[in-house]
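Trainee: Protein chains in written order, with the numbering used here: chain A, 1 to 447; chain B, 1001 to 1310; chain C, 2001 to 2406. The beta carbon of each residue, even a glycine, is placed where N, CA and C say it ideally should be. For reference, the structure I am asking about is given below.
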Amino acid sequence: MMQALTRGLGALVWKDLLRQVKDVKGLVIFMMVPLILTFIMGLSFGGGIFGKSGISAIPLALSGGDLDQGLKDRLTQGLEESDLFTVTWTDSLSAADMVTEGKVRAALIFPDRLLERFFQGEDVVLTLWKDPNSQVGAGVVESILVGMLSQFQASEAAYRALWPEDDPSDMGELEEPMEDLLSGDPVRMIQMLREDDGTTTQELLDHVERSAVFAQAMGEPALPLSLHDRQDWEAESGDARMSQNLYDYFLPSFAVFFMMFGTAAVVRDLHRERESKTLARLLCGPTSVGAVVLGKWVTAVTMATLQLLVLLIAGGLLFGVRIGHAPVALLLVSLAAGGAASSVYLVLGLIASSEKVMDAMTTVFTLVCGMLGGNFFPLDTMPPALSMFGRGTFNYWANKAFSEIITHGKGLDAVTLEIGVLVLIAIIGVTVATAIFSIRQRQGVAA
Amino acid sequence: MIKVQDLVKKYGATVAVDRLSFSVERGELFGLLGPNGAGKTTTISVLSTLLPATAGSASVAGFDVGNDPDQVRRRIGVVPQELAVYEDLSATENLRFWGKLYGLDRTQLNSRVEEMLEAVDLAGHARQRVSSFSGGMKRRLNLACGLMHRPEVLFLDEPTVGIDAQARNNILSLIRRLNEGGLTILYTTHYLEEAEQLCHRIGVIDHGELASLGNKEDLIRQIGDEDSVRFELSGDHFRLLEALAPGWPDVQGVTWNRGLAQIRCHDGAKVIPLLQEWLSDQDLPLEHLEVERPNLETLYLNLTGRAHRE
Amino acid sequence: MNARFVLALVGMRLRRIVAERANIIWLVIMPLIFSFLMGMLMGNWSQPAGGYRYTLIVYGAAEGGDTVQSLLDPLREHPDFDLVVRDTVTTIAYAQLLLEERRVSGALLVPTGYADSLAAGHRPVLDFYHDSDRTSSQRIRQAVESAFAAASVRQTALKLVDPNTDEPGKAASFYTAFFDSLLTNPRVRLESETLGRSSEEALLLLDDSRQHSGPSYTLMFILMFLLMSAKDLVLERKQRTLDRLRLAHPSTTDLVAGFFLAGMVVGLAQAVVLLLFNTLIFGIDYGPSPGCLALVMVLFVGISSAAGLLLGTLSRSGGQADGLGMVFGLGMPALGGLWWPLEIVPPFMQNIGRSLPTGQAITIFHDMIGRGWGVAESAPLLLGMAIWLVVLLSLAVFFFRRTVNP
């Protein structure tokens, strides 16, 4: 039976691969389109030889006209040290214009007489104006400011819960020294206090002492929280990774996506052979139906695997995506993914009545499965109902396997389930395709 | 080598082949002649195991096409009407592929490819892509692909469609040589002259039915050995001729239809001088004279009821 | 120009496009599916998509006493995730496994004897396990850190309570209710406001990502369809029907106009259908300037049609036209910010994106939707698009003439 199934298989595969290779233009497009697009993505998200990427240098406007220049400088330095922001100081009207015109992502407006108000116990409201067209950048600014402010708010609440008698409205005399302190000149602050002509009250001195003790205590939190990131414990287990960025996720998932399109294009040849009558000629020969189906499948698997590997290697060389630590696993996943994709598209191709119908079907199928299977978005960002459907797609398992290897530095043992599922899909798909083709051949409608 | 008995093939309600029966002997070149849509390609498709028959039986090289299709496929070569070659490959690559498919080993393959390229006069274009070939070259390659494995029976489905006269002649010569070498050939065509030139026997098929079968002489004999002499004549003058002509030697009958008179006779050459004399006596000219001898075209037209080139 | 000929050619092209039923998939169905699904996937920019809730699991809660309970209180009703509390402790390996298998998005481990250790004056450590690769885990981490900050400050402050001493820096007591109320109503606070059009003016929240995905995929599929139609022109050349057209009338301007205008009609019809669908089904609001909307769509469709014409003229085969059509049909949306917002890519990529018609068009859309801009404010970008149109059309005409009159 195996002999009957495979008779002529070698010749069929050789013929189809030769035709693929000879179609230089098609081959270039088959490889070039995904390479170009992943290159664009790499430039957008990746690092590697093109340097760091990610969200950085968010233009931010600050407005606080009567703030001391030294204070402004310290604020600017603190914000720009993180590489997240580029800061421009301006007045509030200009800041509003800059936000509405999209020149900055957000503007933080300090109210006039900020320190005076603060030390007189007034409420202080900082205003953040966000660019409506910049939800990402403006969102980053807001979340960072909220984080910083929440720490300050908790500290102030705790201080006042300890010493409610320390009325903030009595702190007016601290304004000038505090400016010195915040401007980076604590020496001058202390000198001022020491040179005080006697009008500095005991209460004020107590407040300064309490603040010092409080600040020292806050330096050592009572409830230490130790954060453990997955990439750290994986690094500890020897899976050290290179720069981590969105591209590490998107390269393999888009490689799988393009592989899906490429596989559909190879399988489409079945309809071309039918129209050119070479398929009829094949069926008049000694090759079995199974061999014809297998021949197309093997060709498609070869091309799909080749495409995946080229994209992954290019990503590794150009953008530092980690691919070298588990080459066997990568190869097996690529083969399994190619096998599953080829068998699924073979079934679709045999169901379709013509090349045009197949074109439309496979395109819709690829785009929808791509979305559901996590090729465009990390799976955990999807609603549960959608991600449930996603798990039924073959590309979900391919994405998952690549993610484990490339993003999390795992090896073969971590992806055996995914490979198994893909192989199972491949076997089922080829079996179904062969059955469909056999039935059609017996009915006389295969060619 | 080929036996077809009451073969029926239906596509839904449409009957493409209707109780077709014929046989082809070993070494024979059998022609299946019919207009477009007559059922020729369907017949070949059934015999080459591409289509299942609806009813009836057929066997090729001693094997039933329905029960032993694998055995049949090993022994037949098919040259379809369409150019079933891979245009993105070269001639050599095409031939090598079909040879490999039929199990030729490397040594056999190499020599056979050379042989076929020589036979179809494509040796000088062996490495060229088929897409750059002319129509005739593609047809020759198409033929060669069907012969790579030395089949016992060759099915040729209108192999000369769409090519010029010279290319056609080349292909017909090649087919003749193949048959002279002992190859059994079933040849379908709608070109009368091809069937006349090539085939030992011809089956005329229309609407899926075999209208007539036999060699050329047998077929012509079916429509009789009468000549038809036709010419223009008014109705009034025909009445005079009708009374006179039956008395002329070997005249079988005289008819008139819409200004055209027809005299059926054994030998038109004898009747024409008599006709000329009578017309002269009547002071009438002899206009639009036609003399038709019994031939295959007449039979074909009679049987299929339409012009043989549509 | 022979208007009758041009109209006949346009009519013929349209009939052929409409006759091909599969085209409806590219023209309408796929853009709508994409807009809807991508909008649902991306969700609200600042919140998880589609109301999906993730899980933060806490092990050893019974060991944490009141301190841990008070830490967990602000996390119980968090809108972004579910809090699952287990009294028993667990191992680090198990917590790591839960994260690796994506069964949870964060795991907080309370060690045995935590409350006792705290009471004894020690500083036992709580361990929080997360996965910075996952957005869900990042959000949970921010929430945990924020809750921790308040709890830790509170706990630290409690250490400064000593009613039996006059030492500076020691307090008589800690007023918990006062602390909680100050935390809820802080004196120093941040108020944020999105400038531009207010939410009341727009039918849909401005931070809903469908405001981006709707126009993005409308633009992308218009461009893709017209680029992929380039192969029709190639086929007309190969099948010699183009020669036949030339024999009917000698003016190449008429021919170019016919093909170009046919693309315009298809593109504009597609645009109207999709933009309408986007508004009616997804509630997308294009802002207060219909004139600007019309102008940007006319220019974009014109650019796409001219690009398709140029591609069809330059390509030597249908396969080449298809391939190049895909390169530009996917590359320009990627570069131009139709797939992801331009602001998240490096500045040099943003500049490239905004110099392309796709980047210009989507920026105009964002400005219309978010800022309520009209023609005057968008004039520079509209001019940029007009320049693209003139350049592409001129090139198309030039090469078309050379093709038909070699």
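1. Please report the distance separating the alpha-carbon of B:R1139 from that of C:L2309.
2. What do you reckon, are the CB atoms on B:V1078 and B:G1146 nearer than 8 Å?
3. Per the DSSP calculation, B:N1257 is bridged to which residue(s)?
4. Given a cut-off of 8 Å, decide if C:N2023 and C:D2254 are closer than it, judged by their beta-carbon atoms.
5. List, in chain order, every chain B residue whose beta-carbon is nearer than 8 Å to that of A:T287.
6. Spell out whether any CB of chain B is found under 8 Å from the CB atom of A:R281.
7. Tell me which same chain residues have a C-beta within less than 6 Å of the C-beta of B:W1256, skipping the five on either side of it?
8. Which partner residues of C:Q2096 appear in the DSSP bridge assignment?
9. For the region 70-135 of chain A, which segments carrying the alpha helix (DSSP H) assignment without a break, of at least 4 residues, lie completely within its bounds, in sequence order?
10. What are the start and end residues of each continuous alpha helix (DSSP H) run of 4 or more residues lying completely inside the region 2058-2131 of chain C, in chain order?
11. Please report how far the alpha carbon of C:T2184 lies from the alpha carbon of C:D2073, in whole angstroms.
12. Could you check where the beta strand (DSSP E) with A:P59 kicks off and where it finishes?
13. Taking A:V267 as the reference, which of A:K72, A:L225, A:A300, A:F250 has the closest Cα?
14. Alpha carbons only, please: which of A:M41, A:E418, A:D269 is nearest the one belonging to A:G295?
15. Under 8 Å, Cβ to Cβ, is there at least one residue of chain A near B:V1078?
16. State the beta-bridge partners of B:I1202 as determined by DSSP.
17. For a contact defined as C-beta to C-beta under 7 Å, what are the partners of B:A1084 on chain A?
18. Excluding the 5 residues preceding and the 5 following B:L1029 in the sequence, name in chain order all residues of the same chain whose CB lies nearer than 7 Å to its CB.
19. Do A:L331 and A:A446 come within 8 Å of each other at the CB atom, strictly closer than that value?
20. How about C:A2119 and C:D2087: do their beta carbons lie closer than 8 Å?
21. Evaluate C:R2240 with the Cβ neighbour count: other Cβ atoms within 10 Å of its Cβ, from every protein chain shown; 16 or more gives buried, anything less gives exposed.
22. Please classify C:P2048: is it buried, with 16 or more other beta-carbons within 10 angstroms of its beta-carbon, or exposed?
23. Excluding sequence positions up to five away, which residues of its chain have a Cβ less than 6 Å from the Cβ of C:R2013?
24. Of all the options B:S1280, B:L1260, B:P1246, which has the alpha carbon lying nearest to the alpha carbon of B:G1291?
25. For C:V2256, collect the residues of the same chain with a Cβ closer than 6 Å to its Cβ; drop the 5 residues on either side in sequence, then sort them by chain order.
26. Is there a Cβ of chain A sitting closer than 8 Å to that of C:D2367, yes or no?
27. Write down the C-beta distance between C:E2191 and A:V125 rounded to the nearest angstrom, noting that I regard them as a contact closer than 8 Å.
28. Could you check what DSSP says for C:T2403 in three-state terms: helix, strand or coil?
29. According to DSSP, what are the bridge partners of C:F2328?
30. Evaluate A:P488 with the Cβ neighbour count: other Cβ atoms within 10 Å of its Cβ, from every protein chain shown; 16 or more gives buried, anything less gives exposed.
31. Alpha carbon to alpha carbon, what distance is there between C:D2127 and A:V146?
32. Let's see if you can read the secondary structure: which residues bound the alpha helix (DSSP H) around C:L2311?
33. Using 8 Å as the limit for Cβ to Cβ distance, is C:R2016 near chain A?
34. Within a Cβ cutoff of 6 Å, which residues of the same chain sit near B:A1126, ignoring the five residues on either side of it in sequence?
35. Going along the chain, which residues of its own chain have a beta-carbon closer than 7 Å to the beta-carbon of C:S2132, five neighbours each way excluded?
36. Please list, in chain order, the residues of the region 1026-1049 of chain B that have any C-beta partner in chain A closer than 7 Å.
Mentor: Here's the rundown:
1. Going from the Cα of B:R1139 to the Cα of C:L2309 covers about 37 Å.
2. Less than 8 Å divides the Cβ of B:V1078 from the Cβ of B:G1146.
3. Per DSSP, the beta-bridge partners of B:N1257 are B:L1260.
4. no
5. L1101
6. yes
7. F1238
8. Answer is none; C:Q2096 lacks a bridge partner.
9. 92-100, 114-119
10. 2061-2076, 2092-2100, 2114-2119
11. Approximately 14 Å between the Cα atoms of the pair.
12. 58-63
13. A:A300
14. A:D269
15. yes
16. B:G1031, B:G1214
17. S276, K277, T278, A280, R281
18. N1179, I1185, Y1187, L1198, C1199, H1200
19. no
20. no
21. exposed
22. Here the model assigns C:P2048 a pLDDT of 45, short of 50, so the residue's position is not dependable, and the following value carries that caveat. By the neighbour-count rule (16 or more Cβ atoms within 10 Å), C:P2048 is buried.
23. A2262
24. As written in the sequence, residue 1291 of chain B is Val, which differs from the Gly given in the question. Checking every option, the nearest Cα to that of B:V1291 belongs to B:L1260.
25. V2397, F2400
26. yes
27. 6 Å
28. helix
29. Per DSSP, none; premise fails for C:F2328.
30. What is shown of chain A runs 1 to 447, which leaves residue 488 of chain A out entirely.
31. 24 Å
32. 2290-2314
33. no
34. A1091, T1092, L1117
35. Q2138
36. S1048, T1049
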